[in-house]
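K.L.:
Here it is: the structure, laid out below.
Protein chains in written order, with this note's numbering: chain A, 1 to 674; chain B, 1001 to 1300.
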């Protein structure tokens, strides 16, 4: 079966866009082929620094012939209408068939050659390609991520004559810029293409490039008793920056290891895209780096390694300049600068924020077992590093640098640690702070952000969450659930709202939503969250414990049957309520039938059992409810609620209402579905 | 026969002049107003606008007052030199031309690792942006390569390709030297040999002190406002021959931009004020760009 090969050859494509581009290319091709009814066996797409490649196997030589039936005018319609239909359908009157008094035409659509369809498809892919950012060049109007030079576009061994403004289309490709023959090659199918790329020093598949980088990088390190510090994000990026990955291990002046390791790593990564290297066995950083060159040079990379080492020295020299200068100014001395840094036009300066967080951390501290003075001190210093030289250079080191500077100026360890960790958790994979002072400051930081933006009506909407408020709320929830301090969310929200003119409308519901999303992601049932939330509790630890207990209870036979009994009672009560007001008040105990008496007694017992337990013993309360299961089942089996005598009916309805009310005190069983 | 040694700083410039001259560029002199980047030379910012083809190359001393290190840092200068090339429209083989220019100054791409690394260039003070790369040689950024998309807030057509070589960095590389002040400025064999330090160190020391310690903030702010006021005044009138005054107005934009950099280096601009200053300069620049485009359209 014929094969289609397309290569879009351009100037260097940003690394961060390549994997998305490969996906988009595959998607556009798949959609286009489906639109034209062209089936295929397999489809693959590749992206690299200068090329996007598509290969589709097992296409037919042409589209299948198709017929289309078109409905015409009624039989007996005016002549003009019929003639108009014949013209538009392109058929003769003899070709029409009448069915149910209406004319139908059958139009034959012969399949077009696949090559012709592919030419149009390629043109439309180029025209519609969803680059995150594209450009024009020269005097042309075509848009691409960078200037597009040529297309290698071949179907079944023949060039597909696509027409793209100012771009060569043929069966000719180019290899590596600097290695190999450095002249164009011809390829008429994917095998020839891959062989040509091999011969021209291009590794087509990003996965192969990544594998080569890792294998060779690890081997280079191991040969010197070292270990590569692996970094998936960096690997992805460098694999998009080289066509012929050539890892080179370089040396660096060991004196730079006196800098914080985060500074060394970030400088290597951000500026130079080097991997860090450490002593074998997960030890400290070693005075080396791994850079990924794009060529094998005649001297085995010595010149390239020396050049890179010189650049890294200059970078680290600069970092050391900032590190020394930063430590010469106490953190408190930087607070003045924060007055000039706007946090948000309506929420004041970064300094205003520090003042708020300081007060809030002081209030939260006793709730999480932290020393209030230490928490306030840490909060006061937490943002000061934003005005330091190194954080100016590497914003991602905020907090981390503050922690170093706090330790340097002799702050207590708990303060330095809280400064360092107060931004955490910074994502789902990041841990939460565990020390009480850190917890207080981390909570204050996030709650101030949330209360502030909610108070000015900037709650997230849909996919728009420019201030990362969802992450902040989830951070609060995770910090509480993983450290288990017992505190009421409402009190926290009230405390965080005090500095703002308007209340943070909707913030409590936002937390409930975030908790639901989080529990759902953990595999918990959404409806159980509702059932527990309806109780109005605001102690997150207890709420989650209740959800867990309820989930376990419903999994038991007693739980499932009791839920069924609850529903039956609720249905009867709802049906009766539609007829008229339900009787109110406590039911009297009837001595017969025995099932009714038994339920009355069991209800009293369960009430007492639940009342005797404190709010923490949710499982115990559910256990007490479980005692109702057998009497409820027996009651429904033998007793007719809707008795003839009105006073009997009222008494039984009262009894059911009491059962329902008692159950709802433990959880809102009506919110549970399924 | 002796092998030629690496190029001196001035021979590097002369080689680039020779190379780009052969590509049809007019070889211009540095613009005589203080600027922070070679792009700001009217030969680039203004000539990138409008339909007429244009090829130019020149050296531009670029002043970055906040980078002043008193001559004590081997890599950072408050004034350095950019070699600037503009090709309008950019030719299809512009990358190849650029690489050939590197070979012309002694960088062999088979021995060095040359890379085009994404860097979307933007200069908010002149309302300009483009897509392109920083070019790395063994991990060192030696050039900026940009296809202009907007200048002065206006879309450009045709697109200009712009190359900016960091001459000191390139020279450090070519000469294999670690300290900028040790660069050979002219031929080391010459009896009149001078290092880069002998030519520029005193200037770095004096201007670092001026810009970081001795600048008079009140005067600078007043001068900034004077320049800002001059631009609309100049653009509102015509000369005796009916000519517009777009070029003189643009000079005042450059002066305002440099005064802003001086204020910034003096620590006189609060973070919250920065955007507003940049916006003011951008508006001035846009007005000049519009005036220039009108002139180009009238001539075309």
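In this text, a Cβ means the ideal position worked out from N, Cα and C, and glycines have one as well.
Output needed in chain order: residues of the segment 1142-1153 of chain B with a Cβ under 9 Å from some Cβ in chain A.
P.N.:
Correct list: 1147, 1149.
K.L.:
With 9 Å as the threshold, decide whether the Cβ of residue 1120 of chain B is near any Cβ in chain A.
P.N.:
Answer yes: the Cβ-Cβ gap between residue 1120 of chain B and chain A drops below 9 Å somewhere.
K.L.:
Using CA coordinates, which residue listed in A:626, A:572, A:618 is at the minimum distance from residue 657 of chain A?
P.N.:
Out of A:626, A:572, A:618, A:572 has the C-alpha closest to the C-alpha of residue 657 of chain A.
K.L.:
Quick one: Cα of residue 1199 of chain B to Cα of residue 440 of chain A, how far?
P.N.:
The alpha-carbon atoms of residue 1199 of chain B and residue 440 of chain A are separated by roughly 57 Å.
K.L.:
I'd like to know whether the C-beta atoms of residue 1293 of chain B and residue 1154 of chain B end up nearer to each other than 9 Å.
P.N.:
Cβ atoms of residue 1293 of chain B and residue 1154 of chain B: closer than 9 Å.
K.L.:
Check whether chain A comes within 9 Å of residue 1101 of chain B, counting only Cβ atoms and requiring the distance to be less than that.
P.N.:
Closer than 9 Å: no.
K.L.:
Inspect the beta-carbon positions of residue 467 of chain A and residue 504 of chain A and report whether they are closer than 9 Å.
P.N.:
It is not a contact, given that the beta carbons lie outside the stated cut-off.
K.L.:
Name the two residues that bound the continuous alpha helix (DSSP H) containing residue 1173 of chain B.
P.N.:
Residues 1167-1175.
K.L.:
Could you tell me whether the Cβ atoms of residue 1101 of chain B and residue 1163 of chain B are closer together than 9 Å?
P.N.:
Cβ distance < 9 Å, so residue 1101 of chain B and residue 1163 of chain B count as in contact.
K.L.:
Which residues of chain B have a Cβ atom closer than 8 Å to the Cβ of residue 303 of chain A, listed in chain order?
P.N.:
By Cβ distance, chain B contributes 1111, 1112, 1138.
K.L.:
Give the interface partners of residue 1115 of chain B over in chain A, defined as CB-CB distance under 7 Å, in chain order.
P.N.:
Simply 241, 294.
K.L.:
Given residue 346 of chain A, which residues of its chain have a CB within under 8 Å of its CB, disregarding the five upstream and five downstream residues?
P.N.:
Closer than 8 Å at the Cβ level, and outside the excluded window around residue 346 of chain A, lie 456.
K.L.:
Please work out which residues of its chain come closer than 7 Å, Cβ to Cβ, to residue 213 of chain A, disregarding the five sequence neighbours upstream and downstream, and give them in chain order.
P.N.:
235, 238, 239, 245, 247, 292.
K.L.:
What does DSSP give as the partner residue(s) for residue 1123 of chain B in the beta ladder?
P.N.:
DSSP lists B:1128 as partners of residue 1123 of chain B.
K.L.:
Have a look at residue 262 of chain A and residue 1032 of chain B and give me their C-alpha separation to the nearest angstrom.
P.N.:
The alpha-carbon atoms of residue 262 of chain A and residue 1032 of chain B are separated by roughly 44 Å.
K.L.:
According to DSSP, simplified to helix, strand and coil, what is residue 1025 of chain B?
P.N.:
In the structure shown, residue 1025 of chain B sits in coil (DSSP, three-state: anything other than H, G, I, E or B).
K.L.:
Leaving aside the five residues before and after residue 16 of chain A along the sequence, list all residues of the same chain whose C-beta is less than 6 Å from its C-beta, in chain order.
P.N.:
Counting only Cβ-Cβ distances below 6 Å, and skipping sequence neighbours, we find nothing.
K.L.:
Taking 9 Å as the threshold (beta carbon to beta carbon), is residue 1002 of chain B in contact with chain A?
P.N.:
Since pLDDT at residue 1002 of chain B reaches only 45, below the 50 mark, its modelled position is unreliable, and the value read off the structure follows with that caveat. No - not a single Cβ of chain A is within 9 Å of the one on residue 1002 of chain B.
K.L.:
What residues in the segment 143-156 of chain A have a beta carbon less than 9 Å from any beta carbon of chain B?
P.N.:
Hits within the stretch, in order: 145, 146, 147, 149.
K.L.:
Go ahead and pull the three-state DSSP assignment for residue 1250 of chain B.
P.N.:
Residue state, collapsed to three classes: helix.
K.L.:
Please list, in chain order, the chain A residues whose beta carbon lies closer than 7 Å to that of residue 1270 of chain B.
P.N.:
Within chain A, the residues near residue 1270 of chain B are 340.
K.L.:
With a threshold of 16 other CB atoms inside 10 Å of the CB of residue 444 of chain A, please say whether the residue is buried or exposed.
P.N.:
The residue is buried, with at least 16 neighbouring Cβ atoms inside 10 Å.
K.L.:
Per the contact definition of three or more C-beta pairs closer than 8 Å, is the segment 250-262 of chain A in contact with the segment 292-312 of chain A?
P.N.:
At 8 Å Cβ cutoff, the stretches touch.
K.L.:
Kindly list, in the order they appear in chain B, the residues whose Cβ is closer than 8 Å to that of residue 201 of chain A.
P.N.:
Chain B residues near residue 201 of chain A: none, gap ~12 Å exceeds 8 Å.
K.L.:
In angstroms, rounded to a whole number, what distance separates the CA positions of residue 1085 of chain B and residue 496 of chain A?
P.N.:
Roughly 56 Å separates the two Cα atoms.
K.L.:
Return the residue from the list B:1260, B:1075, B:1120 that minimises the CA-CA distance to residue 318 of chain A.
P.N.:
Out of B:1260, B:1075, B:1120, B:1075 has the C-alpha closest to the C-alpha of residue 318 of chain A.
K.L.:
Evaluate residue 383 of chain A with the Cβ neighbour count: other Cβ atoms within 10 Å of its Cβ, from every protein chain shown; 16 or more gives buried, anything less gives exposed.
P.N.:
It is buried - the Cβ of residue 383 of chain A has at least 16 other Cβ atoms within 10 Å.
K.L.:
How long is the line joining the alpha carbons of residue 31 of chain A and residue 539 of chain A, rounded to whole angstroms?
P.N.:
Roughly 50 Å between the two C-alpha positions.
K.L.:
Give the straight-line distance between the Cα atoms of residue 1 of chain A and residue 1113 of chain B, rounded to the nearest whole angstrom.
P.N.:
Using only the alpha carbons, I get a separation of about 42 Å.
K.L.:
Less than 9 Å between the beta carbons of residue 1263 of chain B and residue 1209 of chain B, yes or no?
P.N.:
Going by C-beta atoms, residue 1263 of chain B is not nearer than 9 Å to residue 1209 of chain B.
K.L.:
So, is the C-beta of residue 272 of chain A closer than 9 Å to a C-beta in chain B?
P.N.:
Yes, residue 272 of chain A counts as interfacial toward chain B.
K.L.:
Does the structure place the segment 457-466 of chain A close enough to the segment 423-443 of chain A that three or more beta carbon pairs sit under 8 Å?
P.N.:
Contact between the segment 423-443 of chain A and the segment 457-466 of chain A is absent, because fewer than three Cβ pairs lie under 8 Å.
K.L.:
At which residue ranges does the segment 274-317 of chain A contain complete alpha helix (DSSP H) runs of 4 or more residues, listed in the order of the chain?
P.N.:
Segments of the alpha helix (DSSP H) lying fully in the segment 274-317 of chain A: there are none.
K.L.:
Run through chain B and tell me which residues come within less than 9 Å of residue 275 of chain A, C-beta to C-beta.
P.N.:
None at all; the shortest Cβ gap to chain B is about 13 Å.
K.L.:
Please report whether the beta-carbon of residue 1005 of chain B lies at a distance below 9 Å from any beta-carbon of chain A.
P.N.:
Closer than 9 Å: no.
K.L.:
If we ignore side chains and look at the alpha-carbon of each, how far apart do residue 219 of chain A and residue 227 of chain A end up?
P.N.:
Cα to Cα, residue 219 of chain A sits roughly 9 Å from residue 227 of chain A.
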